[in-house]
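Residue numbers (the working numbering): 6 to 501. All C-beta atoms, glycine included, are put in the ideal place defined by N, C-alpha and C. Since the structure comes first, as structure tokens, the remarks are kept for the end.
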Ligand code: NDP
């Protein structure tokens, strides 16, 4: 992209300049600007929500038959696929992820629209067992204006996961992307326009969350917030929602344990643990950042893991062979570095990494290498707080009771991984681990058909899955009287 031209933003069906301050987004691999735009202002929030409300009431979208709405969503999926390469490169520039990863995210966004188109046109309303002289039914209605607030780490996939089911359900959506990664949400709004979605149903508000996201959440016409981001922000949104009696779904942080039992297939375990923590440079809510290894296996396993981690290709996100790109920003890299310093101050030892790489692109972008700390206990701060970077803390364990206690000893409970050849052990352990997702002999695999979300400080509610569409609908019960006589209580006889 890289042009000084100020990008328009999409408010209530119109592409125009935002009313807030002009700023540039930057490419984390070089620190250079990618695009300039004016942030949205509070007036833009008002215009977007009012426009969405009007579009919800008057565009006829909510009244269209489900298969008609699905047709538009299928077209959106098709356009994402047609523009996949362009979108993948834009997302690479937006947040610095390697091109192969951004291609996968774009493909997943297309799949999400396709999936919720299908969910929409196959959603069944039910006739419930009648317990009186009536027919009783359970049906679903759209809610109105939904807010989708997303973080910077996987923009197009996060946005699709909210926008697709919300639109499928018949709602209007106002997207608040992360201030630093607004470009894919804007492209998604373009694609919605091009697919023939009625104007005003999707708006995008780039800019600061503490201002725009907060105002959006508080707006009386916003009937639901779907949020992905940090736990502190999620709790703030939950408080506002409580006052409004508004449902929310919150996909928050994690500090997920991966567990290598003494009978694990080591080739699979090494590959899975590496992928779990170092892919996306660890900037993933589900990163397997706490590693528990059976003591008997600890040294040989760590030797293999460390050797393999040292071979990971850190570098230019545009290079097809790159496995790890830069971190999102200079400030975020400093935060990761502070955690590594804290781990060392807490008595930890560096098994790998821990220092900025140097030379060439490394001197321009916000790169940080795969880093492994050991010699720490689960209670220490680096094991309890989310680092959101390529930092793994490895710990040996002696028995399964102690292991489960430690694995579950976290404010977070988003995901967990188990590596073992014994499926009975995996079953018993998997059922006792407290987490929204448990992977057995695999890690960080996702399917739009399977619900996703966290327990405790990792979130509330679930996205994805066929029934994910119901998050964006209100349930309604309908009773159809079938009695021949007037209701008995009033004592009115038929024909009187
Ligand atoms: P934040 O919570 O800071 O930001 C997430 C979004 O919320 C951004 O759009 C942000 O805007 C906005 N926001 C910030 N303050 C407010 C507010 N007061 N009211 C409403 N919206 C607000 O998270 P990060 O950007 O730091 O993202 C990383 C976090 O996201 C990590 O903790 C990670 O675990 C979590 N995450 C969770 C996932 C999950 O599915 N569970 C997936 C991916 C990430 P802005 O950035 O413009 O200020």
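Taking the Cα positions, residue 298 is about 28 Å away from residue 362. For residue 391, the shortest C-beta to heavy atom distance toward ligand 1 is below 7 Å. With fewer than 16 other Cβ atoms from the protein chains shown falling within 10 Å of its own Cβ, residue 360 counts as exposed.
The three-state reading of DSSP puts residue 168 in helix, counting H, G and I together.
Less than 8 Å divides the Cβ of residue 463 from the Cβ of residue 257. Every beta strand (DSSP E) of 3 residues or more that sits fully in the region 272 to 321 is shown, in chain order, as 295 to 299. The three-state secondary structure of residue 417, taken from DSSP, is strand. Residue 147 sits away from residue 109, with the two beta carbons spaced by 8 Å or more. In the same chain as residue 200, and ignoring 5 residues on each side of it, the C-beta atoms closer than 7 Å to its own belong to 77, 80, 81 and 84, in chain order. Following the DSSP letters along the chain, one finds residue 181 inside the beta strand (DSSP E) bounded by residues 177 to 181. For residue 121, the closest alpha carbon among the candidates 358, 107, 93 and 470 is that of 470. With a cutoff of 8 Å on beta-carbon distance, residue 319 and residue 278 are scored as not near each other. At the C-beta level, residue 333 and residue 101 come within 8 Å of one another. Annotated three-state conformation of residue 261 is coil, per DSSP. In the three-state reduction of the DSSP assignment, residue 141 falls in the strand class.
Taken through DSSP and simplified to helix, strand or coil, residue 425 comes out as coil.
Taking 8 Å as the cut-off, the beta carbon of residue 42 is found no closer than this to the beta carbon of residue 32. In terms of Cα proximity to residue 23, the closest of 448, 105 and 48 is 48.
As the crow flies, the alpha-carbon of residue 392 is around 11 Å from that of residue 339. Contact between the region 176 to 195 and the region 153 to 166 is present: 3 or more CB-CB pairs across the two stretches fall below 8 Å. Just so you know, the alpha carbons of residue 344 and residue 191 end up roughly 34 Å apart.
Straight through space, the alpha carbons of residue 418 and residue 341 are spaced by roughly 21 Å. Nearest Cα to residue 17 within the set 458, 197 and 267: 197. Going by DSSP, residue 354 is part of the beta strand (DSSP E) stretching over 354 to 357. Out of 74, 91, 164 and 151, the CA that lies nearest to the CA of residue 128 is found in 74. Distance from the CA of residue 291 to the CA of residue 284, rounded to the nearest whole angstrom, comes to 11 Å.
For residue 340, the enclosing alpha helix (DSSP H) stretches over residues 335 to 350.
Residue 222 sits in a helix when the DSSP states are folded into three classes.
When the five nearest sequence neighbours on each side are left out, the beta carbons in the same chain lying within less than 7 Å of the beta carbon of residue 135 are those of 141, in order along the chain.
Judged by beta-carbon spacing, residue 217 lies beyond the 8 Å limit of residue 226, meaning their Cβ atoms are not closer than that value.
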